[in-house]
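Written out below as C-alpha cells is the structure these notes cover.
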Amino acid sequence: MHNRREFLHAAAGAAALLWSRDLAAFTRAARAANDQEIWPLVREQFLIPRDRIYLNVGTLGAQPRAVVDAVIEHTRRVAMSLPPGVDWDALKMRTAALLNCDPAGLVYPRNTTEAMNFVANGLDLKTGDEIITTTHEHIGGLCCWQLVSKRRGAALRQVSIGDPPTDPDAAFEAIHRAITPRTKVVSVSHVNFTNGLVMPVDRIVNLCRERGIISVIDGAHPPGLMRVDLRALDPDFYASSPHKWLLAPQGTGLLYIRENWRDRLWPTLASGGWDDLSLGAHRFNHLGTLDESRLAGLDAALRFHEAIGHDRIVARIATLRRSLHEQLAELPRVRMTSPLENGAGMLSFRVEGVPSLELQKRLAERNMRTRVISEYDYGWMRLSPHVYTSEEEIGRVVKLVGEQR
Ligand SMILES: Cc1ncc(COP(=O)(O)O)c(C=O)c1O
20 MHNRREFLHA AAGAAALLWS RDLAAFTRAA RAANDQEIWP LVREQFLIPR
70 DRIYLNVGTL GAQPRAVVDA VIEHTRRVAM SLPPGVDWDA LKMRTAALLN
120 CDPAGLVYPR NTTEAMNFVA NGLDLKTGDE IITTTHEHIG GLCCWQLVSK
170 RRGAALRQVS IGDPPTDPDA AFEAIHRAIT PRTKVVSVSH VNFTNGLVMP
220 VDRIVNLCRE RGIISVIDGA HPPGLMRVDL RALDPDFYAS SPHKWLLAPQ
270 GTGLLYIREN WRDRLWPTLA SGGWDDLSLG AHRFNHLGTL DESRLAGLDA
320 ALRFHEAIGH DRIVARIATL RRSLHEQLAE LPRVRMTSPL ENGAGMLSFR
370 VEGVPSLELQ KRLAERNMRT RVISEYDYGW MRLSPHVYTS EEEIGRVVKL
420 VGEQR
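Count along the sequence shown from 1, then add 19; that gives the number in my numbering.
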C-alpha cells in the first residue's frame, strides 16, 4: 500500500464488496433452491428475532441483511470522505426494470407522503376545481389534498367505495358516478391500506384520460408485492414507498411522473436547477444535501428482490395471504373485512366481542407485531405477511386469534 489514500480506497472497496459478495452467494443459493428449500434460506437473511412474528409490512418492511449492510457501507464511505457510491442512472434503470417505466420519469423522495405532496402542491388547482378520492385513503395520500383544498379552495370529495370495499367493479362505479365536469383530479390507492383490495386503477386511469382528468395513484404498496406495469397503466403520477414490500431502508420513496408533466409540475422544494426544464423529472431530485445511503439500500433491496425472483416473491406472499385468510375465515367469531380474491398483501378482520386494539395488545404480549386500522373508526385488525413469514407462524397466530373471547 503506497499511501493512506490508497489504503482508504481499498478498505472501503473491500467493505462494499463484502455485502455484494454475500448477496451474490445468496443469489446462487436461492436460484438453486427448490420451493421447499428456498423459504428457510430466505428467512436467514433477516434480522427479525427467531421468536418474533412480524406481520406489519403494510407499514414498514423488515430489511434483509444485504440492505442494512449496503446502508452501513455507504455511510462508512461518506465518513471516510470517499466519493459517494450511488450511481443514480443505474438505480433508475434497475427501478424502471421492476416497474416497467421510463427511467427518466423517476424521482426518489423520502416516501409516498412526500411524493403525493410533491404532486398536490405542484398542480395549479383553484376554487371551483374538484378532487375526487375515496374513504379508504391513507393520510399519506389524503392530507396533501386536504391542504390544497383548504389553501386553494378546490373541493375535496371522499367517495364511499363499499363498507368494507371488496368489489373492484363497485369501487369503479362509485368513482365513475362521482365525476363531474369540475373534476380535475382523481387520486386513489392502487392497493387499499385498510384491507388490501386491489383497486381497478387501469379502468380509473383510462376514464380519467378520456375525460381530461389528472390521475394520481397512491401506489405505496405494489412495488415488491405485485406486478406493476407503468407503461401499461400510464397514470399521470404514481407515488410509492419501497420501504414497504420491496424491503428498502425506511425513508425511501418513489414518484413516477408521466412525460407530459415533467416540465410542467411545480417543484415544492426549489433548489439549484428547479427551473431548468431540460432536467425533466430529475428537477425533483434536487433537494439539497441528501442521505444517499438510503438509495444505496434501495439498490441492494432491488438486487435482493431479483435474487429471489419477482414471480416467486409475488406467488409466495399471495399463498401466505390466502392461507391466513382461509384459516381465519373458518373461526366462528371472526368477520373478514378483506376480499379473498382481488386482494394483495394485507388482510383485515375483526373478532366479535374483542376490540381490535385489545386483540393487538394480546398478540403483542406473544411477540406478534400487527396493525389496527383505527382510521375512519373502522377498527379492523390488519395482518401483512412477507417472504420471511412461515406457515407455522401463521398457524400460531390463527390459533391465538381463535382462542380470544
Ligand atoms: C396506501 C398508503 N399510502 C400512503 C402511505 C404513507 O406511506 P409513507 O409513510 O411511506 O409515506 C401508506 C402507509 O402505510 C399507505 O398504506
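We treat Cβ as the ideally placed atom computed from N, Cα and C, and that holds for glycine.
Rounded C-alpha distance that separates residue i from residue j
| i | j | result |
| --- | --- | --- |
| Val-220 | Pro-254 | 9 Å |
| Arg-246 | Pro-122 | 17 Å |
| His-155 | Ser-179 | 8 Å |
| His-324 | Thr-131 | 20 Å |
| Phe-26 | Asp-106 | Caution is warranted here: a pLDDT of 48 is assigned to Phe-26, below 50, making its placement in the model unreliable, and the coordinate value is therefore given only provisionally. Spanning the two alpha carbons is a distance of roughly 23 Å. |
| Ile-67 | His-240 | 21 Å |
| Leu-226 | Ala-173 | 21 Å |
| Ile-223 | Pro-184 | 16 Å |
| Ala-52 | Arg-335 | 14 Å |
| Tyr-407 | Asn-119 | 26 Å |
| Ser-409 | Trp-58 | 8 Å |
| Ala-30 | Val-86 | With a pLDDT of 49 at Ala-30, under the threshold of 50, the predicted position of this residue should be treated as unreliable, though the coordinate-derived value follows. Distance between the alpha carbons of Ala-30 and Val-86: 20 Å. |
| Gly-362 | Gly-238 | 14 Å |
| Leu-144 | His-195 | 21 Å |
| Ala-17 | Val-353 | The chain is shown only over 20 to 424; residue 17 falls outside these bounds and no answer can be derived. |
| Gly-231 | Ser-168 | 20 Å |
| Gln-64 | Glu-345 | 28 Å |
| Ser-50 | Leu-42 | In the sequence as displayed, the identity of residue 50 is Arg instead of Ser. Answer to the nearest angstrom: the Cα atoms are 12 Å apart. |
| Pro-200 | Arg-176 | 14 Å |
| Glu-412 | Ile-72 | 7 Å |
| Arg-331 | Asp-294 | 43 Å |
| Val-391 | Met-400 | 5 Å |
| Lys-380 | Pro-187 | 32 Å |
| Asn-140 | Ala-116 | 29 Å |
| Tyr-275 | His-305 | 15 Å |
| Arg-95 | Leu-101 | 9 Å |
| Leu-37 | Thr-202 | 53 Å |
Counterpart residues of residue i in DSSP-defined beta bridges
| i | result |
| --- | --- |
| Thr-202 | Glu-149 |
| Pro-2 | The structure shown has nothing for residue 2, since the chain only spans 20 to 424. |
| Trp-399 | Ile-392 |
| Val-207 | Ile-236 |
| Tyr-275 | Leu-125, Tyr-257 |
| Met-387 | Ile-72 |
Secondary structure of residue i, DSSP reduced to three states
| i | result |
| --- | --- |
| Asp-310 | coil |
| Gln-177 | strand |
| Asn-75 | strand |
| Phe-137 | helix |
| Val-370 | strand |
| Ser-259 | strand |
| Gly-362 | strand |
| Val-217 | strand |
| Met-112 | helix |
| Ala-31 | Low confidence applies here, because Ala-31 scores a pLDDT of 49, under 50, leaving its location unreliable and the question unanswered by this model. |
| Gly-291 | coil |
| Pro-59 | helix |
| Trp-107 | helix |
| Pro-404 | coil |
| Asn-225 | helix |
| Thr-154 | coil |
| His-301 | helix |
| Ala-52 | coil |
| Trp-264 | coil |
| Leu-37 | helix |
| Gly-243 | coil |
Residue range of the unbroken beta strand (DSSP E) whose run includes residue i
| i | result |
| --- | --- |
| Val-235 | 233–237 |
| Trp-285 | Trp-285 -> no beta strand (DSSP E), and no H or E assigned at all. |
| Arg-331 | Element bounds for Arg-331: not the beta strand (DSSP E) but the alpha helix (DSSP H), 329–348. |
Opening and closing residue of the alpha helix (DSSP H) in which residue i lies
| i | result |
| --- | --- |
| Ser-375 | 375–384 |
| Leu-249 | 249–252 |
| Val-420 | 410–421 |
| Met-425 | Outside the shown range of the chain (20 to 424) lies residue 425, about which nothing can therefore be said. |
| Trp-164 | 158–171 |
| Phe-191 | 187–197 |
CB of residue i within 9 Å of CB of residue j, strictly
| i | j | result |
| --- | --- | --- |
| Leu-366 | Gly-243 | no |
| Gly-270 | Arg-129 | yes |
| Thr-146 | Leu-273 | no |
| Val-417 | Leu-347 | yes |
| Ala-89 | Gly-316 | yes |
| Ile-151 | Ala-197 | yes |
| Leu-252 | Leu-321 | no |
| Leu-376 | Ser-393 | yes |
| Ala-383 | Arg-313 | no |
| Val-210 | Val-217 | yes |
| Ala-134 | Phe-256 | yes |
| Gly-159 | Ser-260 | yes |
| Tyr-397 | Thr-356 | yes |
| Val-420 | Leu-359 | no |
Ligand 3 heavy atom lying under 8 Å from the CB of residue i
| i | result |
| --- | --- |
| Ile-158 | Looking for ligand 3 in the displayed structure turns up nothing; the ligands present are ligand 1. |
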